[in-house]
Each structure stands twice: as structure tokens, then as C-alpha cells.
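Structure record follows, encoded as C-alpha cells.
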Amino acid sequence: MSRSDQTENHRFPEVNPHTRYDLFIAGEAVPSSGSDSFTCFDPFEETEWGIVPVGTSDDVDRAVRAARAAFPAWAATPVAGRAEILRIFGNLIRENVEELARIQVHENGKTITEMRGATSTLAPLADYVAQLAIADHGTTVQPTLPGHDAWTRPEPIGVIAAIAPWNNPLVLLAWKLFPAIAAGNTVVIKPSEVTPVSTLRLAQLARQAGVPAGVINVVTGAAETGAALVSHPDIDKVAFTGSTATGISIAKVAAARVLPTTLELGGKGPQIVFPEADLARAVPSLLAGLIAGTGQACNAGSRLLVHESLYDEVLERLKLALANVKIGDPLDPKVQVGPLASRAQFAKVTGYFDIAAREQTTKLLYGARVGTEIPEVTRGLFVEPTIYATPDRTSRVRCEEIFGPVGAVISFRSENEAIEVANETEFGLVSGLWTQDVDRVARVSKRLRSGVVWVNTWRAFGINVPFGGVKMSGLGRELGPDLLHEYTQVKSIWLGNGLET
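Okay, so the sequence shown: first residue is 1 according to full-length UniProt numbering, each after it adds one.
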């Protein structure tokens, strides 16, 4: 998996800052066929660590061929055997949650509290998927055509390209990887160049769990590596989480070969506060939707729609809450907001501060300080959680996914106006409403154009509840009782029973 000297990192003893990592193909750590490499980056320390290969098209081809070679035997493995290996894999993850969480903090700067919590969901997910795989045995059908019987059989698709993002690398990979392999597919993973080491470590645990060689492969690199994987002629499906722009590019490539895709893309989630809302519950969730993961989440609640009768009170409460947010070292369990994940992300988010300053009707309500302008910050890629008043529907701060702790606050007068504003963006991943009116819950949740609607809560997740978006937020669903369907294809089998007419 890696080659290193004896120098240790005092903050992250789990990793050696001088380690040279390899690709993971056919169950082994193998060097890249090319000479290009990149380094990981700690956004709190602002230091580089680890040397990771840039996978070439030849490396991608090796990984896909390994996955293709492993597919027949893995697909033919009894489902109980695949499920047992997945359970063992989950148990190994459970035993290594702390290490995996800390590596992710080192890679993307998210708080240790969030990364522990997220990584702790992987083992239960593995158990859940294993149970579903055993239960997914097809159906018997009584056809409308006389003289026949019929039944269906779920079959694996083949070789899956799984491309995971940097903001929650292991969770969003596991949502793809676990159902894919449980269903009998083999997988080639391309992790984000921001977070490759945690994925390589996960692959190592998979091999330790008994996942056969070639079933899981990892090729590291940037956009060119991902493009080579998606366009490889022996890929049978693409599962991707990331930006909408990249998702569109993948969809175009997949469409040319009629490949199935699962795409979980961007979001600009509205949190709607109606007049009867319980503000003691609502405001902390408004805050959490804004700052969780330093706002680097597709499910961020970055549009705050507040009824005009509560607007001033909500702003007062929210500003007070923002003033008490603890910003700092992501390894400190008390810290709520860590640094942004990379210099590129820092430049993007602070660029929106400049955009907001140029928008004539956009007004800064709180925040917009960066780096050491923030009192408690001495180093790191930090931005202060920030909110703007955005009455103009053309405001870029209001309409575009910033992917940072930046919120657009919008006043509304009526239920119809709130729904219209909530649905105005190109995205449709998540939305939420705060109300004590049961009839309003039924009306509004039905009209909101999003794959997920949260009522009197935000960021509620369950492994047995589907997650995914509509409009430009993606295709398909992850999690939930039907998650294996994204990684199987149904075969219909007919039997003439001798009574045909």
C-alpha cells in the first residue's frame, strides 16, 4: 500500500508524512506505470504530506481488467458468502473507526467529531446491505399470458466505476461500494485527489476481510484519471458523487454507451421557517445546516427562508448563535467549524465574498472574515460562517452552490411564495420546513421539488431511508431498502407449462 521512512507526524501518528503510496490493483499495492505524483494537504496545518501516484490510462486499464477477471467468480459466489465477507469487512471498519476518522481529518480538515460520527455508520451499513443481499432473491409472477409461469432473477451488472468526493470520502464511497459488491459486482474506485489515503486504507481493510483480489481496485489521480475510468470500454456502470458540472460530463460519456449511472450532485437546500415555527428548535438547526462540515456538503441548508413576521427575531437569534460557534483545530472535539478542505476551495468560497460585495442588493448580515481576521484563528484555511440578505432572485450568492459556510437569507410573505422561492434553483436535493401546522406539512412537502424533505429537523439520515435528488441534483437513489436495485439488473424467466392455448 505504501513505502515510507521512519519520520512520524506528531498530530497524526497514523500516517507518515513522507510515505509514498501505491495504487491498489488485483489485491496488491502496485506502483503506477507513470512518474507523475501529487501530495496530500492538511488544510489546518497548511502542510503537504504523503506522495500519491497519478494513475495513468494504462493503470486504469490494469484495474478494469483485474475487476473484469474477478467478476465471474465473485458473481458466482453464493450470496451468503458475499454477505459474510461484507460483514467481516464492516467489523474491521468498526475496529478502525478512529484511525479512518483521523486520516480523513488530516486530508480534508473536517472536525474529528463529524468524521467519527460519519465513519461509525459504515459498519451498520455493511450489516444492513448484507441482510438485503440475502433477501434479494427475485419474485415469482403469475403472468397474464395463459399456460406460462414466470419469475425474476436479480443479476449483477458487471464492473462498476465508483468515483467518490472529498467532503465525506468513506461514507459516500461506502454507499456505492457495499451494495455493488454485495450484489456480485466488482469495482474500480477513483477517490478524490484531496482524500486518497483514507480510501487506500479502506481497500487494505477489504483485502484483510477476505474480499478476493480484483473485486475492489483503487486508482488515484485527478480529473484525467477519472475521465479515463468513465470512458473505459469495459466499464458497465458509473456511480458518482460530486459537482453537477462533472456529473453532466459523466452522463454524456455514459449516454454514448447507454451505461446506467447513479449521480448524486449539487444542492442549494432551502430551510423554510413558517410563522408558527418553534424557534428554540429551528434556529439551532438553521445553524447546523449552515456550518456542518464547514458548509462543504451537498445537503447544506444554505438558503434560509424566513416568514416576514419572524425575520428580525430569527436574524437576532442566528447572529447570536453564529457568534458562539467554536472555530479552530479540527482535532479538538469542541470545535464546530474546521478549515476548508483545500486552497482551491478557500479561493472559491472567498471569491463569493467578493461577488457578494459587488451585488448591489446583497447585504452582509454577519461574517465574511477569513484566516487570521477571525479572532480565534492563527493559521489554516478558515472562513467565518457568513449570512447575507439576498432579496434579488438573480443573486449568485442566493442561486449558486458555494460549498462553504455561507447562507442566503430570504424573507417571504406567504406559503405559496415560500414554495416558489424554495423551488427556484436548478437543484433539488434536500429541503426543509419548520412548522407546527400538520396540514401545512402535507401541503408543502408535496410541492417541494427535492428528493428529501425534512420537517422540524435537518440532516436526518438513516441507512434504510433513500437519499438522492431531482432536477440537476442527480439521478438514482442511495441507501434505503431498494439500494441493491441500483447495482443489479432484472432477468425475467418464462416457463411454458404445457397448457398453452
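Heads up, the beta-carbon is just placed ideally off N, CA and C, and yes, glycines get one too.
| Item | Value |
| --- | --- |
| Select from Leu-499, Ser-492, Tyr-487, Val-325 the residue whose C-alpha is nearest the C-alpha of Lys-176. | Tyr-487 |
| Let me know if Asp-482 comes out buried or exposed under the rule of 16 or more other beta-carbons within 10 Å of its beta-carbon. | exposed |
| Ala-76: which of Glu-155, Thr-144, Glu-84 sits nearest, CA to CA? | Glu-155 |
| Using a Cβ-Cβ cut-off of 8 Å (strictly less than) and excluding sequence neighbours within five positions of Thr-378, which residues of its own chain qualify? | Thr-372 |
| Taking its Cβ as the centre, do 16 or more other Cβ atoms sit within 10 Å of Phe-271, making it buried, or is it exposed? | Position check: residue 271 holds Gln in this sequence, whereas Phe was assumed. Flag for Gln-271 reads buried. |
| Checking the sheet assignment: what are the DSSP bridge partners for Asp-149? | Leu-495 |
| DSSP three-state call for Asn-217: helix, strand or coil? | strand |
| Per DSSP, which one or two residues make a beta bridge with Glu-155? | Gln-489 |
| The alpha helix (DSSP H) spanning Glu-420 covers which residue range? | 415-422 |
| Have a look at Ile-189 and Ala-460 and give me their C-alpha separation to the nearest angstrom. | 27 Å |
| Helix, strand or coil for Cys-399? Go by DSSP, reduced to three states. | helix |
| Measuring only the C-alpha atoms, how far is Gln-489 from Arg-87? | 23 Å |
| Which residues in the same chain have their Cβ closer than 7 Å to the Cβ of Asp-312, if we skip the five residues on either side of it in sequence? | none |
| Go ahead and pull the three-state DSSP assignment for Ala-389. | strand |
| With respect to the alpha helix (DSSP H) encompassing Lys-446, which residues constitute its N-terminal and C-terminal limits? | 438-447 |
| Quick check on His-137: buried or exposed, where buried means 16 or more other Cβ atoms within 10 Å of its Cβ? | exposed |
| Using the Cβ count rule (16 or more neighbours within 10 Å means buried), how would you classify Leu-290? | buried |
| Between Gly-55 and the rest of its own chain, which residues show a CB-CB distance below 7 Å, the 5 nearest in sequence each way excluded? | Leu-23, Ser-32, Val-219, Thr-220, Gly-221, Thr-225 |
| Spell out a yes or no on whether the region 237-246 and the region 449-457 are touching, meaning 3 or more CB-CB pairs, one atom from each, closer than 8 Å. | no |
| Cα separation between Val-15 and Ala-228? | 29 Å |
| Going by the CB atoms, is the gap between Ile-25 and Ala-66 shorter than 8 Å? | yes |
| Smallest Cα separation from Pro-124: which of Leu-92, Pro-191, Val-258? | Leu-92 |
| Measure from the alpha carbon of Val-79 to the alpha carbon of each residue in Val-159, Pro-179, Ala-203, then state which is nearest. | Pro-179 |
| Can you tell me whether Ser-285 is buried or exposed, with buried defined as 16 or more other CB within 10 angstroms of its CB? | buried |
| When DSSP labels each residue in this structure, what does Thr-122 get in the three-state scheme? | Reading the sequence as shown, one finds Leu at residue 122 and not Thr. Correct three-state label for Leu-122: helix. |
| Return the residue from the list His-148, Glu-415, Pro-466 that minimises the CA-CA distance to Arg-443. | Glu-415 |
| Would you tell me roughly how many angstroms separate the C-alpha atoms of Asp-5 and Gly-328, rounded to the nearest one? | With a pLDDT of 46 at Asp-5, under the threshold of 50, the predicted position of this residue should be treated as unreliable, though the coordinate-derived value follows. Near 30 Å, if we compare the C-alpha coordinates of Gly-328 and Asp-5. |
| So what does DSSP say about Thr-241, is it helix, strand or coil? | strand |
| Could you spell out the range, first to last residue, of the beta strand (DSSP E) harbouring Ile-410? | 406-412 |
| Quick one: is Trp-494 buried, meaning 16 or more other Cβ sit within 10 Å of its Cβ, or exposed? | exposed |
| Assuming the contact rule is C-beta atoms closer than 8 Å, Ser-309 and Val-406 should be a hit. Round their C-beta distance to whole Å, please. | Rounded, the Cβ-Cβ distance is 25 Å, inconsistent with contact. |
| Within the chosen definition, does the region 152-169 reach the region 93-101 through at least 3 CB pairs nearer than 8 Å? | no |
| Looking only at its chain, what residues have a beta carbon closer than 6 Å to the beta carbon of Ala-63, apart from the 5 residues adjacent to it on each side? | Ile-25, Val-188, Asn-217, Val-219 |
| Could I get the ranges of all uninterrupted alpha helix (DSSP H) runs contained in the region 128-203, with 4 residues as the minimum, in chain order? | 169-182 |
| Exposed or buried, which one is Pro-165 when buried takes at least 16 other CB atoms within 10 Å? | buried |
| Just list the alpha helix (DSSP H) runs in the region 229-296, keeping only unbroken ones of 4 residues or longer that don't cross its boundaries, in chain order. | 244-256, 279-291 |
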